[in-house]
Amino acid sequence: MGWIIAIIVGGVAGWLASMVMARDASMGIVMNIIVGIIGAIIGNLLAGPLFGLDTTIQTFNLPGFLVAIVGAIVLLAIANLVQRGRVR
1 MGWIIAIIVG
11 GVAGWLASMV
21 MARDASMGIV
31 MNIIVGIIGA
41 IIGNLLAGPL
51 FGLDTTIQTF
61 NLPGFLVAIV
71 GAIVLLAIAN
81 LVQRGRVR
């Protein structure tokens, strides 16, 4: 059951992050899920040491969801920097 929640929460977090970063038109649902899940992992790696939060994406709670969104935004910001550097 935890992996189903991870896919749903990851998809919503990735979708919200792509809207914040203005990349919603270029991403599909699969990329939103991937970005959300990887973003949650990045967010948990950052939130644990910095803020002492012990969150997980496998159970739905507000702090975990916010950490997943912030992690997905960080991931998309890094992707934007890499993509911008490749074009030049």
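If you read the sequence shown in full-length UniProt numbering, its first letter stands for residue 1, the second for the next number, and so on.
Idealized CB from N, CA, C, for every residue including glycine.
Bear in mind that the values here come from a model prediction, so they are computed numbers and not experimental data.
Beta-carbon within less than 7 Å of residue i's beta-carbon, same chain only, minus the 5 sequence neighbours each way: which residues are those?
i: Leu75; result: Val35, Ile38, Gly39 and Ile42
i: Ala13; result: Gly36, Gly39, Ala40, Phe65, Ala68, Ile69 and Ala72
Between residue i and residue j, what straight-line distance do the alpha-carbon atoms span, to the nearest angstrom?
i: Pro49; j: Val20; result: 25 Å
i: Ala6; j: Gln83; result: 27 Å
i: Met27; j: Gly85; result: 20 Å
Excluding the five sequence neighbours on either side, which residues of its own chain have a C-beta within less than 8 Å of the C-beta of residue i, listed in chain order?
i: Gly73; result: Before going further, note that residue 73 is Ile rather than Gly in the sequence given. Result list for Ile73: Ala17, Val20, Met21 and Gly39, in chain order.
i: Asp24; result: Trp15 and Ser18
i: Ile78; result: none
i: Val30; result: none
State the DSSP-derived secondary structure class of residue i, mapped to helix, strand or coil.
i: Ala17; result: helix
i: Phe65; result: helix
i: Phe51; result: helix
Beta-carbon of residue i versus every beta-carbon of chain B: anything under 8 Å?
i: Met27; result: In the displayed structure, chain B is absent; only one protein chain is listed.
Quick one: measure Cβ to Cβ for residue i and residue j, integer angstroms, because I've assumed they're closer than 8 Å.
i: Phe60; j: Val9; result: 6 Å
i: Asn32; j: Gly2; result: The Cβ separation is near 19 Å, so there is no contact.
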